[in-house]
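Chemist: Read the sequence shown against this note's numbering and you will find it ends at 377, with the numbers running on by one and no gaps.
Pasting in a structure now, in structure tokens, and then I'll have a few things to ask.
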Amino acid sequence: MLKHKKIVLFCVAVVLVLFILTFFTAVHWTFFLLLFIIWLGLTTWGSFDIRLNYFTKAYSLKPNSTSKEIALTFDDGPHEMTEKVLDLLKQFNVKATFFCIGKQIENNPELFKRIISEGHLVGNHSYSHSENFGFFSSQKVLDEITETNKLAQQLSGLEMNFFRPPFGVTNPMIAKAVSKTKHHVIGWNIRSLDTVYENENIIFERVKNKIKPGGIILLHDTSQKSVNVLERLLLFLKTENYSIVSVDKLLNLSAYEN
């Protein structure tokens, strides 16, 4: 990931230098078109790769970690499959972090309470998880974050500090909203793509091959295949002597307002 950040920074520097040069020499209009295309490509990449911190600071791993600790995170619940995820986590005696959708909290309040009562963390994953979230105004993003936090507080008394934007998308509107709410934006560096692939072996191998100390794994508590992958993953991490910790402990950040 550090390699990707260096590439982006290098490209941004090149664009700036080229742009500055246009003030000192005559250039053809196609040169400006090229600059625009480069800028658009970088901005698109930065929007969809939360690890780059392109628009806002996001915590996607514990840098330079040598301790065999790793965090498990689950998106899009509470869902009927969350029950099975919680059962597995209890069986292996590990704690995870659940980024919950507001409307799912409304639909499954008892499951939300169970997540917390069993010692797991909860974070904000917007209210609607709309496919158009990346096009929302900063006020609409703010409203979604605020509404989800309000629901969680009503059910648990907890004021969530962690926010994970839907699809990991960031942009100036989301950055502006988060700057107002003061949430810590939590990303990942190990993406399972368990909502994309149907083959459990592909999902498991993808995650297994990316395991490193200080990593944050992204899974979803919304399908049986993800539950099956989770069981294999928990067994693998145990044999590799990894400690599975919640995100707050991995990153040394407070998950809730005091």
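Note that beta-carbon positions come from the ideal geometry of N, C-alpha and C, so glycine has one too.
Given this structure, state the Cα-to-Cα distance separating Leu277 from Val241, to the nearest angstrom.
Modeler: Roughly 9 Å separates the two Cα atoms.
Chemist: Figure out for me which residue from Lys327, Thr163, Met279 has the closest Cα to the Cα of His244.
Modeler: If we check each option's Cα against that of His244, Met279 comes out closest.
Chemist: Does the stretch 169 to 178 come into contact with the stretch 316 to 329, if we say contact requires no fewer than three beta-carbon pairs (one atom in each stretch) closer than 8 Å?
Modeler: Cβ pair count under 8 Å is below three, so no.
Chemist: Who are Arg310's beta bridge partners in DSSP?
Modeler: Its beta-bridge partners are Leu337.
Chemist: For a minimum of 4 consecutive residues, which ranges assigned as the alpha helix (DSSP H) are wholly contained in the stretch 198 to 257?
Modeler: You should have 201 to 211, 221 to 226, 228 to 236.
Chemist: By DSSP, does Thr289 sit in helix, in strand, or in coil?
Modeler: Thr289 falls in the coil class under three-state DSSP.
Chemist: Just the Cα atoms here: how many angstroms apart are Ser380 and Trp307?
Modeler: Summary: the structure shown does not reach residue 380, with the chain confined to residues 120 through 377, and so no result is reported for it.
Chemist: Return helix, strand or coil for Ile139, following the three-state DSSP convention.
Modeler: The answer is helix: DSSP assigns Ile139 an H, G or I state.
Chemist: Taking its Cβ as the centre, do 16 or more other Cβ atoms sit within 10 Å of Gly160, making it buried, or is it exposed?
Modeler: Exposed: under 16 other Cβ atoms inside 10 Å.
Chemist: State the start and end residues of the unbroken alpha helix (DSSP H) segment that holds Thr358.
Modeler: Residues 343 to 358.
Chemist: Less than 8 Å between the C-beta atoms of Leu312 and Ile322, yes or no?
Modeler: Their beta carbons are under 8 Å apart, which means Leu312 touches Ile322 by this criterion.
Chemist: Can you tell me which of the three DSSP states Val366 falls into?
Modeler: Note: Val366 maps to helix in three-state DSSP.
Chemist: Apart from the five residues on each side of it in sequence, which residues of its chain come closer than 6 Å, Cβ to Cβ, to Leu191?
Modeler: Closer than 6 Å at the Cβ level, and outside the excluded window around Leu191, lie Ala215, Ile336, Ile363.
Chemist: Looking at C-alpha atoms only, which residue of Ile224, Ile293, Ser257, Val260 is the closest neighbour of Gln273?
Modeler: Per the Cα distances, Ile224.
Chemist: Under a Cβ-count criterion, where at least 16 other Cβ atoms within 10 Å of its own Cβ denotes burial, should Val315 be classed as buried or exposed?
Modeler: Flag for Val315 reads exposed.
Chemist: Which same chain residues, not among the five before or five after Ser275, have their C-beta less than 8 Å away from its C-beta?
Modeler: Excluding sequence neighbours, Ser275 sits near Phe231, Lys232, Ile235, Val241.
Chemist: Can you have a look at Lys181 and say buried or exposed, based on whether 16 or more other CB atoms are within 10 angstroms of its CB?
Modeler: Buried, because 16 or more other Cβ atoms sit within 10 Å of the Cβ of Lys181.
Chemist: Rounded to whole angstroms, what is the Cα-Cα separation between Phe282 and Thr144?
Modeler: Cα-Cα distance, rounded: 46 Å.
Chemist: Pick helix, strand or coil for Thr149, following the three-state DSSP scheme.
Modeler: Helix, per DSSP.
Chemist: Would you grab the beta carbon distance between Asp206 and Asp340 for me? Rounded to a whole angstrom, and I think it's under 8 Å.
Modeler: With a Cβ gap of about 11 Å, Asp206 and Asp340 do not count as contacting.
Chemist: How big is the Cα-Cα spacing for Ser345 and Glu202?
Modeler: Cα to Cα, the separation comes out at about 13 Å.
Chemist: To which residues does DSSP link Gly196 through a beta bridge?
Modeler: Cys219, per the DSSP bridge assignment.
Chemist: Assuming Leu356 and Gly333 are in contact, meaning their beta carbons sit under 8 Å apart, how far apart are those beta carbons, in whole angstroms?
Modeler: With 8 Å as the limit, Leu356 and Gly333 do not qualify as a contact, their Cβ atoms being about 14 Å apart.
Chemist: Measure from the alpha carbon of Ile264 to the alpha carbon of each residue in Glu350, Asn290, Ile220, then state which is nearest.
Modeler: Ile264 has its Cα closest to that of Ile220, out of Glu350, Asn290, Ile220.
Chemist: Does DSSP put Ile330 in a helix, a strand or coil?
Modeler: In the structure shown, Ile330 sits in coil (DSSP, three-state: anything other than H, G, I, E or B).
Chemist: Can you check whether the CB of Val213 is closer than 8 Å to the CB of Leu353?
Modeler: Yes, the pair counts as a contact, with Cβ atoms nearer than the cut-off.
Chemist: Under 8 Å between the Cβ atoms of Met292 and Phe255?
Modeler: In contact: Met292 and Phe255 (Cβ atoms closer than 8 Å).
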